[in-house]
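In full-length UniProt numbering, the protein residues as written are 1 to 602. Built from N, CA and C at the ideal position, the CB exists for glycine as well. First the structure, in the form of structure tokens, and then the observations on it.
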């Protein structure tokens, strides 16, 4: 046995021990176990002594850390602002964006910065007045099992008017799960509670009409505070919206007829290939006579009589947008030769340049608007030769002078001579002071050359009264119009010398100098950019589209003294984070709702 006990590890088989040897080993095991238990007791005693000393130290440390954070918080930049000022900053940042989706995203980011930011945000009711539910963009977040957080969200708005955006239909799943449909109904229940719906001042309804059936069957006096209404119907999946609408609404929807404050309406027509003549305006009865702003995204298949009836009712419009999706082949039915629309107060108009069927009139040919000041024309892909005649006749008929013109998506890729047509149009608009070219793809130099002042051109100068000029390309282009710089400087020289230009029907007019030039998405030569930015008296905004999709901007007013750019060195105070050090300012949209929706207001 001794030979085995002397080994560090006993290996092998066939070890035979007598009774005395077994008794000896059992006694030894007993003594070893007692010794181990004694060591465990000593370790436990040491742990208790350690904890006895550690606990008061931890408590003291926590107290000092709390005191430290409290003192540091007094020095945090956010503490220098009053709650009113911080709330105003939140409101300005939020409502500088027009897209409700971006507004909600910013709000959620505010709430995740720190405890102080969240408390300030919760104490700012105006920023909680936006309700945005979109099943396509946030299917998992919007349709959580428990949507009762909507009550808390609405409660934080504290009775202010509500801005509600709804899209409760989706093309992601077909068919839509029944539980999603049920939760869509729950969302509508919260939004349509009497104390809530009476506060709705903006209502946007997108997608299929079927999920909104509870809303559209409400009494006509349900939305007494409604000022802005958008109805944008989209047909998902292979089915016929017209058949569904006929089944859901055997009679016209009159829910909004009692909305006495309704002033702005946007309608996006059905996308129904089976019944293209169906119009949303046939489904709804709306108080058109009280509108001041109307936007219609129409289709060429819809009968013009539908729109003629609407325009004859909406006599008090100040702003009108009557446009379609650009189409190369679509012929528009136009209006009858006896049609006439008079808008005494209309100041802003946006229309599409459309090819009209024979012996019919375009909208502009029917229009009389003596107060019209701003005109936007969208290119629909065909020759613009008739447009100049229509504009000239409209100006004479209305006895008005336009001051602002915007050209949107004009392109010569479909074979039309856009530059020549636009030059003809601008010749009959000598009173224009603001000219914007937006996402247009044609030879700008032909147009800009006619805007360059020279002694030999003289009376042929386009837009002599121009003071604000903008070229914008959302996706960016590489080509820099080589006549652009010359045009800007020639007008500055002409204005300084007091040169005049002869204009049709307006006689001699003094050439104005450009006050502001805005260039978005152009990659200009550094030399030209430097020259333009140094021109005295010119407000110049330049944003270049980079390959990495990040924009660089140069904003300057050359008549102001040049200031050195100070380095921004803001101390990042961590004391204001308090218990929110674990919160992550993640841009992932899937997590953006978590904190403000479900966190407590404390």
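{"Check": "Length of the line joining the Cα atoms of residue 127 and residue 303", "Outcome": "42 angstroms"}
{"Check": "6 angstroms CB neighbourhood of residue 264 in its chain, flanking five on each side removed", "Outcome": "228 and 293"}
{"Check": "Inter-stretch contact at 8 angstroms, needing at least 3 Cβ pairs: the stretch 303 to 313 / the stretch 247 to 254", "Outcome": "no"}
{"Check": "The stretch 438 to 448 contacting the stretch 415 to 425, beta-carbon criterion three pairs below 8 angstroms", "Outcome": "yes"}
{"Check": "DSSP-derived helix/strand/coil call for residue 348", "Outcome": "strand"}
{"Check": "Buried versus exposed call for residue 260 [16 or more other C-beta atoms within 10 Å across all chains shown]", "Outcome": "exposed"}
{"Check": "Pair within 7 angstroms by beta-carbon distance, residue 469 and residue 535", "Outcome": "no"}
{"Check": "Closest Cα partner of residue 167 within the set 123, 212 and 202", "Outcome": "212"}
{"Check": "Sub-7 angstroms separation of residue 365 and residue 390 beta-carbons", "Outcome": "yes"}
{"Check": "Cβ neighbour criterion (16 or more within 10 Å) applied to residue 408", "Outcome": "buried"}
{"Check": "Beta bridge counterpart(s) of residue 603 as assigned by DSSP", "Outcome": "Residue 603 cannot be examined here, being either before or after the span of the chain that is shown, 1 to 602."}
{"Check": "Whether residue 410 touches residue 363 by CB criterion (7 angstroms)", "Outcome": "no"}
{"Check": "Heavy atom of the ligand NAD within 6 angstroms of residue 304 beta-carbon", "Outcome": "In terms of ligand content, the structure shown is empty, and the ligand NAD therefore cannot be addressed."}
{"Check": "Three-state class that DSSP yields for residue 485 in the structure shown", "Outcome": "helix"}
{"Check": "Rounded Cβ spacing between residue 233 and residue 162 (contact assumed at less than 8 angstroms)", "Outcome": "Residue 233 to residue 162, Cβ: 22 angstroms. No contact."}
{"Check": "Whole-angstrom distance between residue 467 and residue 501, CA atom to CA atom", "Outcome": "15 angstroms"}
{"Check": "Residue 54 - containing beta strand (DSSP E), residue span", "Outcome": "From DSSP, residue 54 is part of no beta strand (DSSP E) but of the alpha helix (DSSP H) over 19 to 75."}
{"Check": "N-terminal and C-terminal residue of the alpha helix (DSSP H) that residue 502 is part of", "Outcome": "It is not in any alpha helix (DSSP H) - residue 502 instead sits in the beta strand (DSSP E) that spans 500 to 503."}
{"Check": "Three CB pairs or more closer than 8 angstroms across the stretch 57 to 70 and the stretch 84 to 101", "Outcome": "no"}
{"Check": "Inter-residue Cα distance where the pair is residue 570 and residue 110", "Outcome": "Unreliable positioning characterises residue 570 in this predicted model, as indicated by a pLDDT of 40, which lies under 50. A coordinate reading is not provided."}
{"Check": "Range of the contiguous beta strand (DSSP E) that encloses residue 228", "Outcome": "228 to 232"}
{"Check": "Segment limits, alpha helix (DSSP H) that includes residue 516", "Outcome": "Not the alpha helix (DSSP H): residue 516 falls in the beta strand (DSSP E), residues 516 to 522."}
{"Check": "Exposure label - residue 20; buried when at least 16 CB within 10 Å", "Outcome": "exposed"}
{"Check": "Burial state of residue 511, where buried means 16 or more other Cβ atoms lie within 10 Å", "Outcome": "buried"}
{"Check": "For residue 474, the nearest candidate out of 544, 529, 484 and 527 (CA to CA)", "Outcome": "544"}
{"Check": "Cutoff 8 angstroms; reference residue 393; Cβ partners in own chain excluding five residues on either side", "Outcome": "365"}
{"Check": "Residue from 426, 42, 31 and 431 with nearest C-alpha to residue 399", "Outcome": "431"}
{"Check": "Neighbour-count burial assignment, residue 387, 16 or more Cβ in a 10 Å radius", "Outcome": "buried"}
{"Check": "Identified DSSP bridge partners for residue 133", "Outcome": "166"}
{"Check": "Residues of its chain near residue 397, where Cβ-Cβ distance is below 7 angstroms and the 5 sequence neighbours each way are ignored", "Outcome": "368"}
{"Check": "Per-residue burial, residue 465 [other beta carbons within 10 Å of its own, 16 or more giving buried]", "Outcome": "buried"}
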